[in-house]
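First the structure, in the form of structure tokens, and then the observations on it.
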Amino acid sequence: MSQGTYTIHGVNGPVVTVVGGRGLALMDMVNVGEQGLTGEVVRVDGDATTVQVYEDTAGLMPGQPVTSQGAPMSIELGPGLLHNIFDGIARPLQVIQDQAGPFITRGLDLPTLDHSRRWQVTLAVKAGDALEPGRLYASCPETELITHRCLTPPGLSGTVTWAAEDGAYTVEDVLVKLTDEAGQTHELKLAQRWPIRTPRPMKARLPIDRPLVTGQRVIDTLFPIGKGGAAAIPGPFGAGKTITQHQLAKWSDADIIVYLGCGERGNEMTEALEEFSELLDPKSQKPLMERTTLIANTSNMPVAAREASVYTGMTIAEYYRDQGYHVALMADSTSRWAEALREISGRLEEMPAEEGFPAYLASRLAEFYERAGYVETLEGKEGSVTVIGAVSPQGGDFSEPVTQNTKRYVRTFWGLDRSLAYARHFPSINWLTSYSEYTDDLRPWYEEHVGRAFITCRQRVAALLQEESKLMEIVKLIGADILPEDQKLTIETAKLIRVGFLQQNAYHDVDTYVPLDKQLKMMELILRLHDGAKALVARSIPLSQLKATGIFDELAKMKYEVPNDHQEKFAEYEQAVDAALAQVDQANR
Amino acid sequence: MRLEYIGLSELSGSLIALEGVHGVGYDEMAEITLENGERRSGRVILVDGDRVVLQVFEGAKGISLENARTRFIGKPMDLALSREMLGRVFDGTGRPIDGLGELLPELRRNINGSAINPVSRQYPRSCILTGISSIDGCSTLVRGQKLPIFSGSGMKHNELAAQIVRQAKVAGEDGEFAIVFAAMGVKNDTADFFRRNFEEAGALQRVVMYLNLASDPIIERILTPRCALTAAEYLAFDLGYHVLVIMTDMTSYCEALREFSSSKGEIPSRKGFPAYLYSDLASLYERAGMIRGRKGSVTQMPILTMPNDDITHPIPDLTGYITEGQIVLDREMEQKGIYPPVAILPSLSRLMKDGVGKGLTREDHSDLSNQLFASYSKVQEARSLASVIGEDELSEVDKQYLKFGAALEKYFITQDPGEERTIEQTLDMGWQLLSLLPRGELDRVSARLLDAYYHEGAWEKLGTEAAAQDGQEG
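Protein sequences appear in the order of chains A and B. Quick note: the first sequence uses the working numbering, first residue 1, plus one each step. Quick note: the second sequence uses the working numbering, first residue 590, plus one each step.
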């Protein structure tokens, strides 16, 4: 069973059967045909081995050679991942363009990282030091925001026999030599490899107790997600999944963003690339790309690579988590990944389960979402991977298998709603079908960092919205005029919450990102008006008098008028609310 | 010298299988010659050792296990390309059918194309004005976009597409435009209708037509859009034309794909369509766009008829997930006699946000369109309430919404097929209509824009203008 004796036997789309020996292991990476197309072993059956190929298979013919790389599908990890864009199997798209022009061609075997670039490395060990998995041996500034920390890979320990001087090195240069207990010598460089389908180890999982602050009101206030948590955004087309994902990628307070465009539109990835390069991070005032890795496997790129792309993204996210960073992984869209599974499963002639999806759909989704978490790293630091997966249910029907199975493994669910999108209510997160199981876990953090009032306000806001939905059932039947005044007030306040608070304009300079203390102030003002109005209404003063003062319309627009760094303007609104209430009060004395 | 294989081992539908074949690659083309001299083309869809399965484009009718000789040509299907394509008519596989003889190719290219590298794409920002208020105002088309028309059988999608072709203009026009028209499984009348329209618009010399009519083989139908898009990419990215590709009817295309898939014995997924329908459609739609450093652009306007007017049917559903928005036509509006019957609410243009606004169209464009959407969605609520409790019982505001809705449909959406409105006319009319509503209801527009554009009572002018126009016409 020597290398290179394998040959192609048959070709059916991306699925290639290989004969010539029994030496190929499941999940081994192989090079197929004369151009050496990248593929992965997915089934071994006696002498016949089945390989899924990540590139277009046109022209492959029986008899052409197949060579094994002798290791599972793995990618290169090291400095240079950030501020970069890759395809589904971590090939740099910029380099592909430089080599092949604007159209992606086949058989390009390109390293993930730039092997000629030199990094300014500081060594953290010297000869004689003991190294164990997770121990820092070198670091270098990767971008202006992020210091890349090279940690001893899992499963490797020993004594340093030689360490390089501080200086400029490429990812190929040897930085440290160490001898393990068995007396074998290993070399450590800036870059290391990791198999994408294997979760990277950690010391322990820690409880999730702090939120990923996104600056999006409906998320932070009503349906928050914890750092290290998992969320799903399902929605029909046009409901704003991608815009929501972009907003989260831009504004959430993670250290590192891995944005995964899985089977989606090419123009959207171009937009993300352009926009993230221009936009500045609110904290550091540096371009967002400085902390971002983009993975683009657009819908017309090979389907097998689409299947691999989610693992590529996850592995990069875990790699930075291990360095002690908080990472957010946006996957848009996990349905395209599930469809890739279905497509390949069909080609493998596996028995289909629900709607043609393979029976292992649920376990694959579980494996993926379980790689999220807030952890103590091998080094002993804290880091997290938060996963936010968009789901594109067929026909917008949430009862389909991908949405249903995803729901079982995520604890935050932002259900997007077609009718809200039609009314241009964005983000179109439906406040009645969405939920977050993290609210209780995060309560202490909110109380400590934003204020005790936050939780009470949130509950009151949520209750008013619930109340409104019940009242709307009645209004739909008999009209709003018949309702008693206090119920009219509930509807009016709920409308103010919907328009003035939940709706958020992603394209408005001020409104696109809102800090938590401003979110609290806005809620407090709305509830202040509500409480004052309730007292008036209790005295049988018609609500229309208060509406006539225009205060509801004024509050609905405060989101555009109060800059994030000039919140003292809220005092004016407070006065306006009090004045309006007093005016109506006076008129009825 | 290539081998010729005599005889076949299996025949099924449009598929034929050969055994004992060597040196044949996946996706390779083959020529099949029958005893009577008739020639057909086929493509390799499966290789399994020395067994090869071919799909025959013209169908396997008349082929027996013994009367066919097969010759493999050693490369995937490619299309002859040349500037001379403009003004010509081809069948679904790119063979000329206008009697003007073969095309002299400048080069040949694989019809499957390659994915555009996202790094090389130019994000589309220049909007195409169609002169149609409902599209320009609310779902603006952008150069390099893929914007399908979701229609139903018997609705006026062809008229609308033809009007768009006649009127489409880009502000600050540069470069030449061309039209690639792909007909898939449509009736001869439809193809003729488009040809007449291109002629009337004086554009026939800029049109390349690929016709696979309803009676033509379905295997060729699967190739039709690929040929058309290969031609479009060549015109756009090699020759620098701004190309508008009209593909009709995508539903027939998908059904051909289903027929073919089931003949191959593949495991069906939703409604019998193959599991790869999404990837397959994406391989067509994603061929729209612009490339950095190249002059031209490919804009796609696929037309599809929603089976049973159902937008959740797999074809419109998967299309909507790939394309950058959609223009939805509404049967109820069509029946009310409204042309174009564009349903404002479900229609959407994803690229509009970056294609309109100050310096591109007008500063108020995007806020105004948001407000029209939001207000029109309230019209729907008011209408459903009115149908329960009666119009008289509605609140004053709800009544105003009803009036606004009726006026929007009558003046803004309704438009003569020959009428071309400037973007200023469209936007001004939008503001006039909004003046039917109290200012406090307009929560999507900033106070500054309201001060500048919202004039109480402005709609009365609209009414009198329209009346005057009616008078003139009468």
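The beta-carbon is built from N, C-alpha and C at its ideal position, and this holds for glycine as well.
Item                                                                                                                            : Value
Environment of B/L1023 [buried if 16+ CB atoms lie within 10 Å]                                                                 : buried
8 Å Cβ cutoff, A/Q586 in contact with chain B                                                                                   : no
Cα-Cα separation, A/K599 to A/G479                                                                                              : Nothing can be reported for residue 599 of chain A, as the shown portion of chain A is limited to 1 through 589.
Buried or exposed by the 16-neighbour rule on C-beta atoms within 10 Å, applied to B/M798                                       : buried
Between the CA atoms of A/L136 and A/Q503 - distance to the nearest angstrom                                                    : 45 Å
Within chain A, partners of B/E855 - CB distance below 8 Å                                                                      : G346
Start-to-end residues for the beta strand (DSSP E) that takes in A/A311                                                         : In the sequence as displayed, the identity of residue 311 of chain A is Tyr instead of Ala. Not the beta strand (DSSP E): A/Y311 falls in the alpha helix (DSSP H), residues V303 to D322.
Cβ separation of A/T49 and A/K203, assumed to be a contact under 8 Å, to the nearest whole Å                                    : About 38 Å; that fails the 8 Å criterion.
Residue from A/E142, A/T179 and A/L212 with nearest C-alpha to A/A130                                                           : A/T179
Closer than 8 Å to chain A by CB, B/D953                                                                                        : no
Cβ shell of B/L870 (< 7 Å), same chain only, five flanking positions each side left out                                         : L907, T908 and I911
Range of the contiguous alpha helix (DSSP H) that encloses A/V450                                                               : No alpha helix (DSSP H) contains A/V450, which DSSP labels as neither H nor E.
Any C-beta of chain B under 8 Å from that of A/K476                                                                             : yes
Counterpart residues of B/Q644 in DSSP-defined beta bridges                                                                     : B/L604 and B/R632
Spatial distance of A/G383 from A/E144 (CA atoms)                                                                               : 20 Å
For A/V584 and A/Q545, the rounded distance between their alpha carbons                                                         : 7 Å
Sufficient close CB pairs (3 or more, under 8 Å) joining the stretch 189 to 206 of chain A to the stretch 345 to 357 of chain A : no
Residue span of the alpha helix (DSSP H) that contains A/P79, given as start and end                                            : That residue, A/P79, is in no alpha helix (DSSP H); it is neither H nor E in DSSP.
Candidates A/C140, A/T122 and A/A58: closest to B/N699 by CA position                                                           : A/A58
Whole-angstrom C-beta distance between A/V11 and A/L60, which should lie under 8 Å                                              : 5 Å
Beta-bridge pairing of B/P1068 - partner residues as DSSP gives them                                                            : Because chain B here runs from 590 to 1063, residue 1068 of chain B falls outside it and cannot be looked at.
Cβ of A/Q245 within 8 Å of any chain B Cβ                                                                                       : no
Runs of alpha helix (DSSP H) wholly within the stretch 361 to 422 of chain A (minimum 4 residues, chain order)                  : 361 to 369, 401 to 409 and 418 to 422
Whole-angstrom C-beta distance between B/A877 and B/G764, which should lie under 8 Å                                            : About 17 Å separates the two Cβ atoms, so there is no contact after all.
Helix, strand or coil at B/T1053 according to DSSP, with G and I counted as helix                                               : helix
Cβ neighbour criterion (16 or more within 10 Å) applied to B/Q915                                                               : buried
The stretch 1022 to 1035 of chain B: positions lying closer than 8 Å to chain A by Cβ                                           : G1029, D1032, R1033 and S1035
Residues of its chain near B/E1062, where Cβ-Cβ distance is below 6 Å and the 5 sequence neighbours each way are ignored        : Bear in mind that the predicted position of B/E1062 carries a pLDDT of just 44, short of 50, making it unreliable; the figure below should be weighed with that in mind. For B/E1062, where only same-chain residues beyond five positions count, there are no Cβ hits under 6 Å.
Whole-angstrom distance between A/Q64 and B/P685, CA atom to CA atom                                                            : 37 Å
Own chain, CB closer than 6 Å to B/E624, minus 5 neighbours either side, in chain order                                         : N656
Alpha helix (DSSP H) segments (min. 4 residues) lying fully within the stretch 512 to 567 of chain A                            : 516 to 538, 543 to 548, 551 to 556 and 558 to 561
Residue-level contact to chain A via CB, B/E1062, 8 Å cutoff                                                                    : With a pLDDT of 44 at B/E1062, under the threshold of 50, the modelled position of that residue is not reliable, and no figure is offered here.
Secondary structure of B/E1062, DSSP reduced to three states                                                                    : With a pLDDT of 44 at B/E1062, under the threshold of 50, the predicted position of this residue should be treated as unreliable, and no value is reported.
Inter-residue Cα distance where the pair is B/S740 and B/A750                                                                   : 11 Å
Check whether A/F570 and A/L520 have beta carbons under 8 Å apart                                                               : no
Below-8 Å beta-carbon distance, B/I1012 vs any chain A residue                                                                  : no
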